[in-house]
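Chains D and L supply the protein sequences, listed in that same order.
If you want this note's numbering, it's the 1-based position in the first sequence plus 6.
Read in this note's numbering, the second sequence has 137 at position 140, and its numbers run on one by one without any break.
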Amino acid sequence: MNNEFEQIKNAVKNIKLASAEKEKMRTFILEKIQSAKFEQNNHVTNTFAVRLYRHYQNIKNYYFMNNKYKFIPIVAVFLIVILLGGTSAFAEMAVPGDLLYGVKVSVNEPVAGLFAFTKEEKTEWRERLVERRLNEAQKLVSANSLDEEGRLYLEGAIQRQIDDFNASAEELAKQNNESTKSSDINIRLQAALAAHQDVLLAVSNGKDVNAETKQETDRLLSSLAESQNRVRNGYDDLESSIDSESTTETSSEENATPTTTSTGLALAQEKQKTASDLLNSMKLLYQRERNSLSIKTQNSIDGKLAEIETTFKAGEALIASSDFNGAASKFQSAMSLTDAARLLLLSNTIKGDIEDDMGIEDDDGQEIEDDNFEEDNDYINQNQGGQNSNTPNNFDDSGQGNSGTEHD
Amino acid sequence: MNNGDDKIEELFVELYDAHADAIFRFCYFKTGDREVAKDLAQDTFIKVFNYLKNSEAQNAKSFIYITAKNTVIDYWRKKKSVVESQLPEGFFESIAEKDNTENNIDYSIFLSLLDKLPPSDRDVIILRFIEDMSSKDMAELLGERENTVLVRISRAKEKLKNLFDKIGNKNE
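Below you can see the structure in the form of structure tokens.
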């Protein structure tokens, strides 16, 4: 019998703590002892720090030492993160009418908007929001599923977001004379609207589009044309207000000082610098995007750039001949031309991007043409009146003139 | 940290290293749950340390077992269990199945027989023959006189032997 007990004893003694478990338990107990000593030595027994430390020890003990289900909370948290992240990522692809579309516009976009801290970032984000709605319209039309409800929603959302954008752009322009940035973002939005209208038109004219989608697309296109006008009008209002402020300042300076020459020179030089910066920025952008443009568009932009250079040089010549008002007017024209060239370039670039995203074959290689901006040029002509009416304009033949745009 | 604290800590670590497995096993045999046994063993040693800080234990081994026993009783009380030491059915048999050491056939029979013993007899068998506890320590732990404990050991051993013989006869 004793022999059997020996066997049992040897076998049962295999039931023991694993060396790692034993070590962990010893460490835990000693930590607990140290913690108790700390409390005793410092005469603290129930401070927040001690309670926190105890909680930490308990949690650590519970989850990482004595709990056989220790990985369940970790896995649960991991799964929740994956689930939420996945939902959010899938929602990004949603269009109006989809189940996850609410997540996209009510969660993703407000959260992403929180990361736009400066006024410039906020304005850019609002511009992006309009582009997102335009992309959704593009997807709906391509999928042959644009109905009246979807169109009305998109029209409303675009109008609202354009109003927000205009307000934001105005704030940006008035803040620290950031009208150049505001103008850049505005041109980007105008370009996006033009590009989307062009692609939407091409898609809706395709063979595969059903009658309802075609009808709704036509209505949407008409609404988008109005939206583009709203963007441009918002920009014009802003420019006019900045322009009038600038004129008021100049007039008051002229009244205050007997010599108007120095003021006129300063104004002309300021416009020269802004026009030069804009032109350089345009050239850089063109250099980067040139290969993605058709030869026709390249030629059109090349022509515009040559025209801008000539206008700019004419402005410099007028400064040399002390005709500062004339010089300022020329630089203003150069800026307006640069904006038009930028709009043309961006419209075609964005159009190319949309076609790539949608997997649309650009069979006819048709690009947005310069003619599409005749309205811009008309607008430039209209606005060049006033201050430039007394200045001979060598570029009237080209249909270009001053937009009254202030870039400083 | 002063020298007195150091000594207590050294003594504690010695006691822990010497008895941690036995106390864990003791708690395991009383609860049937490895994780619960770990918790109880840990609580036991924390109580032991707190006791050592303030007073000297005459018989450390016995004291640790008594503390473990009380910790287990507290555990069952908190669980509001009807029967203390309520092991799952076939608990010892399952231990034998898990073990892969040599000669496991013989002791596995004994372990399965432990399931058949009443808890009080099982305790004395485990303490005496598996944990090698002296009758004096057992008396202290069980709160009985040493002679009574010796009688209980003898009776429990006899019961176990009878159970074993019955199995032997059946096999023959």
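Glycine included, C-beta positions come from ideal geometry on N, C-alpha and C.
Only a predicted model underlies this, so the values are computations on that prediction, with no experimental measurement involved.
Judged by their CB atoms, Y25(L) and I21(D) are nearer to each other than the 8 Å cut-off.
Excluding five sequence positions before and after I325(D), the CB atoms of its chain that fall closer than 8 Å to its own CB belong to L271, A274, Q275, Q278 and A333, given in chain order.
Residue contact check for D71(L) against chain D: no CB pair falls below 8 Å.
Closer than 8 Å to the CB of F34(D) there is at least one CB belonging to chain L.
Listed by position along chain L, the residues whose Cβ is nearer than 8 Å to that of E37(D) form an empty set, because the closest Cβ is around 11 Å away. Of the other Cβ atoms in all chains shown, 16 or more fall within 10 Å of the Cβ of D134(L); this residue is therefore buried. With the criterion set as a beta carbon lying under 9 Å from some beta carbon of chain D, the members of the region 141 to 164 of chain L are K154, L157, K158 and F161, in sequence order. Sequence-distant partners of A201(D) (beyond 5 residues in either direction) whose C-beta falls short of 7 Å from its own C-beta, in its chain, are S353, I356, K357, I360 and I374. It is roughly 14 Å from the alpha-carbon of E126(D) to the alpha-carbon of L195(D). Distance from the CA of N172(D) to the CA of T129(D), rounded to the nearest whole angstrom, comes to 8 Å. For D36(L), the uninterrupted alpha helix (DSSP H) run begins and ends at R31 to N51, by DSSP. Among the CB atoms of chain D, none fall inside 8 Å of the CB of A15(L).
In the three-state reduction of the DSSP assignment, V215(D) falls in the coil class.
The residues A198, in chain order, have a CB closer than 6 Å to that of E137(D) in the same chain once the five nearest residues on each side in sequence are set aside.
Where F123(D) is concerned, there is no enclosing alpha helix (DSSP H), because DSSP gives it neither an H nor an E. Taking 4 residues as the minimum length, the alpha helix (DSSP H) runs contained wholly in the region 269 to 340 of chain D are 301 to 326, in order along the chain. For the set N47(L), I127(L), E53(L) and A57(L), the Cα lying nearest the Cα of I39(D) is the one of N47(L). Cβ atoms of F318(D) and L285(D) come within 8 Å of each other, at about 7 Å. Non-local C-beta neighbours of E176(D) in its own chain, meaning closer than 6 Å and more than five positions away in sequence, comprise L244, ordered along the chain. Taking CB atoms only, F126(L) has a neighbour in chain D less than 8 Å away.
Between I193(D) and R348(D), the beta carbon gap of about 5 Å places them in contact (Cβ cut-off 8 Å). Relative to V121(L), the option among K44(L), L108(L), A153(L) and R142(L) whose CA is nearest is A153(L).
Y13, A17, D18, F21, R22, Y25, E32, K35 and D36: these are the residues of the region 12 to 36 of chain L whose beta carbon lies less than 7 Å from some beta carbon of chain D, given in chain order. With respect to the 8 Å criterion, T219(D) and S151(D) are classified as neighbours on the basis of their beta carbons. For I43(L), the nearest beta carbon of chain D is closer than 8 Å to its own beta carbon.
Annotation for L110(L): L157, L160 and F161 place their beta carbon closer than 7 Å to its own, counting only its chain and skipping 5 residues before and after. Out of S328(D), Q338(D) and Q221(D), the CA that lies nearest to the CA of S268(D) is found in S328(D).
Here the region 334 to 347 of chain D lies against the region 307 to 321 of chain D, with 3 or more beta-carbon pairs under 8 Å apart. At a cut-off of 4 residues, the continuous stretches assigned as alpha helix (DSSP H) that sit fully inside the region 111 to 191 of chain D are 115 to 120, 125 to 148 and 154 to 180.
By the Cβ-count criterion, G91(D) is exposed, with fewer than 16 other Cβ atoms from all chains shown falling within 10 Å of its own Cβ.
Among the residues of the region 19 to 34 of chain D, those with a Cβ less than 9 Å away from any Cβ of chain L are K19, N20, I21, K22, L23, E27, K28, M31, R32 and F34, in the order of the chain. N56(L) places its beta carbon less than 8 Å from that of E137(L).
R238(D) and G108(D) have their C-alpha atoms some 30 Å from each other.
For A57(L), the enclosing alpha helix (DSSP H) stretches over residues A57 to K76. Put simply, the CB of F46(L) is near chain D, with a gap under 8 Å to one of its CB atoms. M364(D) sits in a helix when the DSSP states are folded into three classes.
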